[in-house]
Amino acid sequence: MISDRMLKALNDHLNIEFQSAYYYLAMSASFLREDFNGFAQWMRAQHGEEMVHAMKFYDFIDDRDGAIELQALQGEQSEWDSPLHVFESALEHERMVTSKIYDLVDLSLEVRDHATNTFLQWFVTEQVEEEATASDIIQQLKLIGNDGNGLFMLDRELGQRSGIEAEDEAGAPPA
Ligand code: FEO
């Protein structure tokens, strides 16, 4: 039986993952407006990845016989100054998510919920990758600076990222 405190914290984090998906979709839309179609595709794929994260929480809460609670999403920022600014915002966001995951891990230990602790370890590892990926792109954008040709090439490269469907990575829910 999951504790009320742990359940509330998991539901709050479910909202954070959905909000993350929404945030990256807003970034994708802003890139589309600027005709950076590759960056837009990358952000759209990131949106898909966040939906996978959210659905992992969704299914886990149900697996623990907890009540899934869908909270309201907030409106998102719609404009950024440059691709560098977008990815810096993404990194800042991921650092916030990492800190929230660590809070959940701390709580799972405090209430001796080892099943939730094990579930969360996947996210601890995933956040390392999430932050590293955003950092790498920021470094490339800083090297490129205002070189239009470099931006064109990076846009094309990031556009190769394929979309992730929630069911593909998370697996279909149990029958
Ligand atoms: Fe689901 Fe990018 O953290």
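With my numbering, letter number 40 in the sequence shown gets 68, and the count goes up by one each step, no holes.
By construction, the Cβ of each residue, glycine as well, lies at the ideal position given by its N, Cα and C atoms.
Sorting H81, L112, Y51 and F180 by C-alpha distance to the C-alpha of S163 places L112 at the top. In this structure, S48 has its beta carbon less than 7 Å from a heavy atom of ligand 1.
Under the three-state reduction of DSSP output, A95 falls in the coil class, being neither helix nor strand. Along the segment 149-192, the alpha helix (DSSP H) occurs as fully enclosed runs of 4 or more residues at 176-186, listed in sequence order.
Per the C-alpha coordinates, the member of Q69, A68 and E97 positioned closest to L38 is E97. Taken through DSSP and simplified to helix, strand or coil, F64 comes out as coil. Listed in chain order, the non-local C-beta contacts of I89 below 6 Å within the same chain comprise L38 and I96, local neighbours out to five positions each way being set aside. Residue nearest to E157 within the set V139, E122 and G191 is E122 (criterion: CA-CA distance). Take the alpha-carbon of V114 and the one of E159: they are about 14 Å apart.
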